[in-house]
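**Student:** What follows is a structure written as structure tokens; I'll ask about it next.
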Amino acid sequence: MSTREQHSRARRLLAAAAAALTLSAGLTPHQAVAADGDKVLTVAVAQSVDSLSPFLAQRLVSTSIHRLMYEYLTNYDPKDAHAIPALATRWKSSPDKLTWTYTIRPDSKWSDGQRVTAQDAAWTFNKMMTDEGAATANGSFVTNFRKVTAPSPTELVIELKKPQATMTALDVPIVPEHVWEKVGDFSKFNNDKSFPVVGNGPFILTDYKPDSYVRLKANKDFWRGAPKFDELVFRYYKDQDAAVAALRKGEVSFAAGSPSLTPAQAASLKGEKNIRVNDAPGRRFYALATNPGARAKNGQKFGDGHPSLLDERVRHALFMAVDRKTIIDKVFQGHAVQGAGYIPPRFSTYFWKPADGQELAYDPAEAARLLDRAGYKKNGDGKRLGKDGKPITYRVLCHATDPNDKAIGQYLQEWWGELGIGVTLNCMDNVSDPWLAGTYDLAFDGWSVNPDPDFVLSIHTCAALPATPKDTGATDNFVCDKKYDDLYAKQLAEYDPARRAEIVKQMESRLYDLGYINVMAYPNAVEAYRTDQIKSITTMPEKAGNIYGQDGYWSWWSAVPADSDGSSGDSGSAGVVIGVVAGAAVLVGAGVFLALRRRATAEDRE
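Throughout the sequence shown, residue numbering follows mature numbering (1 follows the signal peptide of the UniProt record, and there is no 0), covering -34 to -1, 1 to 572 in sequence.
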């Protein structure tokens, strides 16, 4: 994307950046500190930001940052993920469950000093209800809202069309009306041109460079208490091995991977001095998605997915030729469990397994028979032919930053090759463009699941499709099925936990039978941090959970510097390291790249 810049100023800034890098290159980890002695926690991530607008962002790194910048009405307890107060101190519903009243805390301030009120929340929800661009990321939460008002600064009232079970799990960042009311086109505004960004979370966004870093500072006025680290930097590494090397050298404090470290990387870090590896059940599923025929809400079809994939028998055959056990044993090396439904076993209430006779178990012979019965037979050269008489070769979208995609892609070439089907791996830095255009056959896919599963279920409804082929919808993979939609509406209106869980499991069963997406694994959260920089940090769940990508802000808010007594604002020691390039050196040249900031769509999902 082209930009216009003042070249003389750019040259001066680049020269300054180069000088800063030169000065920083010789520093040892314990010398590389913020100029004012502030304690900085640097997190190495292998995923770039898609948008800093909470109305558009869908990637895990982006939504994690928004949890730090803005409060939600409620939060999740780090112990067991039940709903707890956040911006709302309490809530109640009318007897018919159609009116919900939230009490907004009086002690929350925006970072520009203005008070946070119920009107900010009402404006946020009303904007999502009336502006399709503002509903891009989280519109499913407000589709059933009839009216949202703020009778007083501390009272928010939401009236529903019908009961909605997610009213204590509205994962929507509340933004300041006095800032966002000035925005024109919400579908294009990325919230990345003016810093610091006004927020009310535990951290304040102070700078950003696409595909490089996001810098935040502690909000000293945060109602729950200020974070222990003065600054937090998310540093992007395209090469995950480079991120691990940076952790080993002490240039970053924490490494999360894409979204996890590989077994080899984790093994190489175990036993290293001052490094702790966290390996716990994760909140993600890892899947292989087929193109079901990209379409928009207006009925227009687009893209060029292989027509054979419209046949359910073909989709089932492909998945029956995938050996999940080999994937768990050889690729994840035991740091995952075999997948089936959309909800990982960590969320036991909604976890589902196929019934006897329903499972698409590994059976290459049966897979071949299914293809034969579907009319896709082999020729004399052993190549499986499409209805056009040409050999079938599937294009598989692959994330260039994810080693698992590449490893499993090689297995697919072997397994599907035995069926007579060719596989072309298209490993790209940005898979979003072909994905949204529907110009793929299959793609590696994955989402992080929240304690309330509504969002990850909503992305497969017909309502999530883009309005037209030119628009960006909330859909994951263009799935649109009436039976599934009926079940989705039913679970959303069900307040009884047991009955709702049963409906959710029926939805998982329906998606499994449709065969559009094959959940292969539930990967562990495998990550590592330096104990000489981080004294303690909260996992979620606290007993055995993840640090990066939590359902809340607990990890980074709770993190205690290694050389600190744990009190907030202690910045006297120089023992906490920042990533040099992600820190002061690169920030010198940030202005050069300001106009390059743009939103990419969700190539890696939350």
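Note that beta-carbon positions come from the ideal geometry of N, C-alpha and C, so glycine has one too.
Taking HIS83 as the reference, which of VAL210, TYR519, ASN257, TYR38 has the closest Cα?
**Tutor:** Strictly speaking, residue 83 in this sequence is Thr, with His absent from that position. The shortest C-alpha separation from THR83 is found at TYR38.
**Student:** Buried or exposed: GLU147, going by 16 or more other Cβ atoms within 10 Å of its Cβ?
**Tutor:** exposed
**Student:** Pull the bridge partners of MET394 from the DSSP assignment, please.
**Tutor:** Residue pairing from DSSP places MET394 in a beta bridge opposite HIS365.
**Student:** Below 8 Å, can you find three or more Cβ-Cβ pairs linking the stretch 454 to 463 to the stretch 284 to 293?
**Tutor:** no
**Student:** What is the rounded straight-line gap between the Cα of SER30 and the Cα of ALA430?
**Tutor:** 22 Å
**Student:** I need the DSSP call for LEU337, collapsed to helix, strand or coil.
**Tutor:** It is helical.
**Student:** Throw me the rounded Cβ distance for the VAL164 and PRO142 pair, which I believe falls under 8 Å.
**Tutor:** 5 Å
**Student:** Output the boundary residues of the alpha helix (DSSP H) element that contains THR90.
**Tutor:** Boundaries of the alpha helix (DSSP H) harbouring THR90: 84 to 96, taken from the DSSP string.
**Student:** Looking at the unbroken alpha helix (DSSP H) that takes in GLN206, where does it start and where does it end?
**Tutor:** 206 to 215
**Student:** Quick one: is ALA87 buried, meaning 16 or more other Cβ sit within 10 Å of its Cβ, or exposed?
**Tutor:** buried
**Student:** Can you give me the C-alpha to C-alpha distance between ASN157 and ALA23, rounded to a whole angstrom?
**Tutor:** Each residue's CA atom was taken as its position, placing ASN157 and ALA23 some 11 Å apart.
**Student:** Can you give the Cα-Cα distance for ASP371 and GLU278, rounded to whole angstroms?
**Tutor:** 24 Å
**Student:** Between which residues of its own chain and PHE188 is the CB-CB distance below 6 Å, once the five residues before and five after are set aside?
**Tutor:** Beyond the five residues adjoining it in sequence on each side, PHE188 comes within less than 6 Å, by CB distance, of PRO168 in the same chain, given in chain order.
**Student:** Measure the C-alpha to C-alpha separation of ARG81 and ASP322 and round it to an integer number of angstroms.
**Tutor:** Distance from the CA atom of ARG81 to the CA atom of ASP322, rounded to whole angstroms, is 57 Å.
**Student:** Is THR132 helix, strand or coil when you go by DSSP?
**Tutor:** coil
**Student:** Taking the alpha helix (DSSP H) that LYS471 falls in, what are its first and last residues?
**Tutor:** 463 to 480
**Student:** Is it buried or exposed, LEU276, if we count other Cβ atoms within 10 angstroms and call 16 or more buried?
**Tutor:** exposed
**Student:** Tell me where the alpha helix (DSSP H) around ALA232 begins and ends.
**Tutor:** 229 to 235
**Student:** Run the CB neighbour count on THR367, radius 10 Å, all protein chains shown included, and call it buried at 16 or more, exposed below.
**Tutor:** Label assigned to THR367: buried.
**Student:** Based on Cα-Cα distance, which residue from VAL303, SER19, LEU254 lies nearest to SER153?
**Tutor:** SER19
**Student:** Taking the straight line between their C-alpha atoms, what separation do you get for GLN299 and LYS239?
**Tutor:** 24 Å
**Student:** According to the Cβ coordinates, are LEU213 and ARG33 closer than 8 Å?
**Tutor:** No, Cβ-Cβ distance for LEU213 and ARG33 is not below 8 Å.
**Student:** Taking the alpha-carbon positions, what's the residue 583 to GLY515 distance?
**Tutor:** The displayed coordinates of the chain run from -34 to 572. Any statement about residue 583 would go beyond what the structure contains.
**Student:** Would the stretch 260 to 272 and the stretch 403 to 414 be scored as touching if the rule is three or more Cβ pairs under 8 Å?
**Tutor:** yes
**Student:** With DSSP collapsed to three states, give me the class of TYR316.
**Tutor:** coil
**Student:** Please state the DSSP three-state secondary structure of ARG25.
**Tutor:** coil
**Student:** Using the C-alpha atoms, what's the distance from ARG25 back to CYS428?
**Tutor:** 21 Å
**Student:** If we ignore side chains and look at the alpha-carbon of each, how far apart do SER521 and ILE503 end up?
**Tutor:** 6 Å
**Student:** Can you tell me whether PRO229 is buried or exposed, with buried defined as 16 or more other CB within 10 angstroms of its CB?
**Tutor:** buried
**Student:** Let me know the secondary structure DSSP gives GLU380 once reduced to three states.
**Tutor:** Three-state result, GLU380: helix.
**Student:** For ASP498, tell me which candidate among GLY341, GLN379, ASP447, VAL218 has the shortest Cα-Cα distance.
**Tutor:** VAL218
**Student:** Decide yes or no for the touch test of the stretch 486 to 495 against the stretch 240 to 252: beta carbon pairs closer than 8 Å, at least 3 of them.
**Tutor:** yes
**Student:** Straight-line CA distance for MET506 to ASN264?
**Tutor:** 41 Å
**Student:** Which residues mark the beginning and the end of the alpha helix (DSSP H) in which TYR454 is found?
**Tutor:** 448 to 458 is the extent of the alpha helix (DSSP H) around TYR454.
**Student:** Which same chain residues, not among the five before or five after GLN266, have their C-beta less than 6 Å away from its C-beta?
**Tutor:** Within the same chain, PRO435 come within 6 Å of GLN266 by CB-CB distance, once the 5 residues on both sides are set aside.
**Student:** What is the DSSP secondary structure of GLU325, reduced to helix, strand or coil?
**Tutor:** Assignment of GLU325 by DSSP, reduced to helix, strand and coil, places it in the coil class.
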